[in-house]
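Chemist: Questions regarding the structure given below will be posed in turn.
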Amino acid sequence: MNIYDFKVKNNEGKEVSLSDYKNKVVLIINSATECGFTPQYEQLQKLYADYKDKDFVILDFPCNQFGHQAPGSDEEIAKFCSSRFGVTFPLFSKIDVNGENASEVFKYLKSEKGFAGWGADNDMSKLLTKMLGEADPEYASKPDIKWNFTKFLIDKNGNVVRRFEPTEGVAVVEEAVKELV
1 MNIYDFKVKN NEGKEVSLSD YKNKVVLIIN SATECGFTPQ YEQLQKLYAD YKDKDFVILD
61 FPCNQFGHQA PGSDEEIAKF CSSRFGVTFP LFSKIDVNGE NASEVFKYLK SEKGFAGWGA
121 DNDMSKLLTK MLGEADPEYA SKPDIKWNFT KFLIDKNGNV VRRFEPTEGV AVVEEAVKEL
181 V
């Protein structure tokens, strides 16, 4: 099994097979429009623009599970991303990434690369550690997505090679992308 075995709906409700992205390096993200990490869209768009001609694509899945920070419709989210950050990479329908209604794609991604720490020692990682630890002292031992803008890097064969937490900068992601394109 790999990422190509899944079908998802884009932000216009059309079914898309992830096999459409065979032979590409893929970065899958769960996003939100009203999050402290939302400005990452600017850097992600630059990353996409810099590498899209080298068989790289970003697939964006909005999610409203973390602080209800993606409240808009798929259409509203697309307009926001385009007008505010100039996003041109593919956007998909809003999904759940955790729980009983979690997207099958994200269940698979989490099974391949679970949570392994924040990957960065900064103010946001400390804040999230405190906040999530108070809500669930066992949070760190679970593979669940912890917050918006968690990213999964997929190689050209459809294998999940790395998970990036939102506290890790896009520059770290770019270094990993460079190795695969």
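Position one of the sequence shown corresponds to residue 1 (the UniProt record's numbering), numbered consecutively onward. Backbone N, C-alpha and C fix where the C-beta goes; we use that ideal spot for every residue, glycine too.
Measure the alpha-carbon distance for Thr88 versus Ala49 and round it to whole angstroms.
Modeler: Cα to Cα, the separation comes out at about 8 Å.
Chemist: Verify whether the separation of the beta carbon atoms of Lys24 and Val57 is less than 8 Å.
Modeler: Yes, the pair counts as a contact, with Cβ atoms nearer than the cut-off.
Chemist: Can you tell me whether DSSP reads Ile3 as helix, strand or coil?
Modeler: Of the three classes helix, strand and coil, the one that applies to Ile3 here is helix, per DSSP.
Chemist: With a threshold of 8 Å on Cβ separation, who are the neighbours of Tyr41 within its own chain once the five nearest residues in sequence on each side are excluded?
Modeler: The residues are Ser31, Cys81, Arg84, Phe85, Val87.
Chemist: Quick check: what's the CA-CA separation for Lys7 versus Val16?
Modeler: Cα to Cα, Lys7 sits roughly 5 Å from Val16.
Chemist: Determine the DSSP secondary structure at Phe56, reduced to helix, strand or coil.
Modeler: In the structure shown, Phe56 sits in a strand (DSSP, three-state: E or B).
Chemist: Do Leu127 and Asp155 have their CB atoms nearer than 8 Å?
Modeler: In this structure, Asp155 does not lie closer than 8 Å to Leu127 by Cβ.
Chemist: Under the assumption that Leu18 contacts Ile3 (Cβ atoms under 8 Å), give the Cβ distance between them as a whole number of angstroms.
Modeler: So it is a contact: roughly 5 Å between Cβ atoms.
Chemist: Taking the DSSP output, what are the residues bridged to Cys63?
Modeler: The partner list for Cys63 (beta bridge, DSSP) reads Ile95.
Chemist: Taking a contact to mean a Cβ-Cβ separation below 8 Å, would you say Phe66 touches Phe92 in this structure?
Modeler: It is not a contact, given that the beta carbons lie outside the stated cut-off.
Chemist: Quick one: residues in its chain with C-beta nearer than 8 Å to the C-beta of Asn10, no 5 flanking neighbours on either side, listed in chain order?
Modeler: Taken in chain order, the residues that qualify are Val16, Pro90, Leu91, Phe92, Ser93.
Chemist: Tell me the rounded alpha-carbon separation between Thr129 and Lys54.
Modeler: Each residue's Cα considered, the two are about 36 Å apart.
Chemist: What number of angstroms, rounded off, separates the C-alpha of Glu104 from the C-alpha of Glu112?
Modeler: Glu104 and Glu112: Cα-Cα distance of roughly 12 Å.
Chemist: Judging by CA-CA distance, which residue of Asp74, Asn64, Thr38 is the nearest neighbour of Lys14?
Modeler: The option with the nearest alpha carbon to Lys14 is Asp74.
Chemist: Using the Cβ count rule (16 or more neighbours within 10 Å means buried), how would you classify Glu12?
Modeler: With fewer than 16 other Cβ atoms within 10 Å, it is exposed.
Chemist: Anyone know if the C-beta pair for Lys22 and Gly158 falls short of 8 Å?
Modeler: Yes, the pair counts as a contact, with Cβ atoms nearer than the cut-off.
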